[in-house]
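Enquirer: Dropping the structure in here first, questions after.
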Amino acid sequence: MNKGLFLDRDGVINEEVGYVTSLDKFCFKPGIVELISMANWLDYKVIVITNQGGISKGLYSHKQLQIIHEFMLNRLIVFDAKIDQIYYCPHHPDQSRCLCRKPGKLLFERAIHQFNIDPKLSFMLGDKQHDLTPAKLLGITTVLVGVQDPIYAADYYFPEISDVLSILV
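Quick note, in our numbering, the sequence shown goes up one by one and the last residue is 1336.
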């Protein structure tokens, strides 16, 4: 079985700026490229699970999201870092109900099955409780990054993404 490093996108991989509707709004967070590269070196499957409700709200299209993700993946390759798969939910609760939007666990379950991931050997990095809830339900170790909020129940808290490296080894 494989180890997995699950990442939220907005607020973890890139700076939180509201809806990222174009490349000019996408900016990597400090330390994330190094974290992904180290996870690759340590044989983690790196999986992104992200809510992208702006699609159902008509703020951007699947194609625009694909362009942003291709840009992200290509920039990471330059730094010898690789994401194995990106799963995203295009739904917004104001528009429709679904099973794939976090805090639902469907996208995590798909990744676990597709990549033969052992949840007990895996980590989920998120900056909000809805990122961590499905991981915790599946037995994945949860890591809150950014601003610590006492109502968030995480196994670890790190103010900076670069601090996460210490628990992967």
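Cβ coordinates follow ideal geometry from the N, Cα and C atoms, glycine included.
For clarity, every value in this text was computed on a predicted model and none was experimentally measured.
Please look up how many angstroms separate the CB atoms of Ser1289 and Gly1198, rounded, as I've assumed it's under 8 Å.
Expert: Actually they are not in contact, since the Cβ atoms of Ser1289 and Gly1198 sit about 20 Å apart, beyond 8 Å.
Enquirer: Taking 8 Å as the threshold, find out whether the stretch 1246–1256 comes into contact with the stretch 1320–1328 through three or more Cβ pairs.
Expert: no
Enquirer: Could you give the DSSP three-state label for Asn1283: helix, strand or coil?
Expert: coil
Enquirer: By the three-class DSSP mapping on this structure, what secondary structure does Asp1330 have?
Expert: helix
Enquirer: Decide if Gly1220 is buried, meaning its Cβ has at least 16 other Cβ atoms within 10 Å, or exposed.
Expert: buried
Enquirer: Should Ser1223 and Ser1263 be called a contact, given that it needs their Cβ atoms to be closer than 9 Å?
Expert: yes
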